[in-house]
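Under my numbering, read the sequence shown as residues 953 to 1192, first letter to last. No residue lacks a Cβ here, since even glycine has one placed at the ideal position from N, Cα and C.
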Amino acid sequence: MEDSRKRVEVCFTPGEYPYYKDEFEIVVVIDVLRATSAICAAFDNGIKSIIPVPTVEEAWDYKLKGYLAGAERKGQIVEGFDFGNSPFSYMREDFKDKEVVLTTTNGTKSLDVAKNAEVVVVGSFLNLDYLSKWLAEQNKNVLCLCSGWQDKFNLEDTICAGAISDYLISTGNYTSIEDSSIAAKYLFLSAKDNYLGYLKSSSHRRRLKNLNLNEDIKYCLTPNQTEVIPILKDGKLVKL
Ligand code: 3SL
């Protein structure tokens, strides 16, 4: 008998996206530390829209046109830009109802590679339960696209992807067939009681800790702080 369940799968890096694309109506872009967490925080704080761009040059062109523009590379604010990639940088009164531009090392790259999918939404631990429930209601094939680090696998995005997959599979309407998805689910099950502890020696946690960004890490690893779902529409992220 044919399996009528929808699929939820996990793609570990943007570089592997071409192997998955075209099979999924919804792509969830995940960059837990810190791009997609910062984007969720920005919408939670009332920003109107974010134009994600893959390169610093494109972000700079927008800045020259008068846009508020953020740029992060190697965890730090790129010189000359208005802000970087910390979720706390969006918790400003003057960002409310504003349109801003953002480029980051990996997160905006993933958004760029996925931009032609039917639906592209932003996921993080911050909107985990709300997003997972919304995805289940859509009843469409879902790909969780992890941003990784410079096209290498990372733990935190994979664990978040595993959490989303685990929820969708628990509804009985979804299944996973790829080993990447099965691995993501097992990583989530091992990490779920203490994300911070589990990720203690992860590469990007170390990188950010060395930059004194421990508060950002704690914030980004604290689930369910918001009920926003950023969605890509005509090249801009807006609130669903
Ligand atoms: O890779 C990215 O897009 C960033 O989230 C990296 S960082 O956390 O700002 O270093």
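Taking a cut-off of 8 Å for Cβ pairs, the stretch 1141-1149 and the stretch 1120-1128 do not touch, as fewer than three such pairs fall below it. When DSSP assignments are scanned along the stretch 992-1075, the uninterrupted stretches of alpha helix (DSSP H) that are 4 or more residues long and fall wholly within it turn out to be 1008-1016 and 1059-1066. Your pair residue 1051 and residue 1001 checks out as a contact, with CB atoms roughly 5 Å apart and the cut at 8 Å.
Contact between the stretch 1068-1075 and the stretch 1019-1032 is absent, with fewer than three C-beta pairs closer than 8 Å. The stretch 1128-1188 contains, as complete alpha helix (DSSP H) runs of 4+ residues, the segments 1131-1143, 1147-1150, 1155-1162 and 1166-1172 (chain order). For the alpha helix (DSSP H) assignment, the uninterrupted runs of no fewer than 4 residues enclosed by the stretch 1077-1102 are, from N- to C-terminal side, 1080-1090. Residue environment analysis places residue 986 among the buried positions, since at least 16 neighbouring C-beta atoms fall within 10 angstroms of its C-beta. Residue 1056 has its CB nearer than 7 Å to a heavy atom of the ligand 3SL.
Residue environment for residue 1059: buried (at least 16 other C-beta atoms within 10 angstroms of its C-beta).
Annotated as distal: residue 968 and residue 1093, with beta-carbon spacing of 8 Å or more. At least one heavy atom of the ligand 3SL sits closer than 7 Å to the Cβ of residue 1024.
Counted as a single uninterrupted DSSP element, the stretch harbouring residue 977 is not any alpha helix (DSSP H), since DSSP gives it neither H nor E.
DSSP places residue 954 in the coil class of the three-state scheme, outside both helix and strand.
In the DSSP annotation of this structure, the continuous segment of the alpha helix (DSSP H) that includes residue 1120 starts and ends at 1107-1122.
Taking every protein chain shown into account, the CB of residue 1109 has 16 or more other CB atoms within 10 angstroms, so this residue is buried. Taking non-hydrogen atoms of the ligand 3SL into account, the C-beta of residue 1155 is found less than 7 Å away from none of them. Residue 1112 is not a Cβ neighbour of residue 964, given a cutoff of 8 Å. The beta carbon of residue 987 sits closer than 7 Å to at least one heavy atom of the ligand 3SL.
Around the CB of residue 1169, 16 or more other CB atoms lie within 10 Å, so the residue is classed as buried. In this structure, the beta-carbon distance from residue 1063 to residue 981 falls below 8 Å. Between residue 1137 and residue 1100 the beta-carbon gap is near 18 Å, outside 8 Å, which marks them as no contact. Non-local C-beta neighbours of residue 1132 in its own chain, meaning closer than 6 Å and more than five positions away in sequence, comprise 962 and 964, ordered along the chain.
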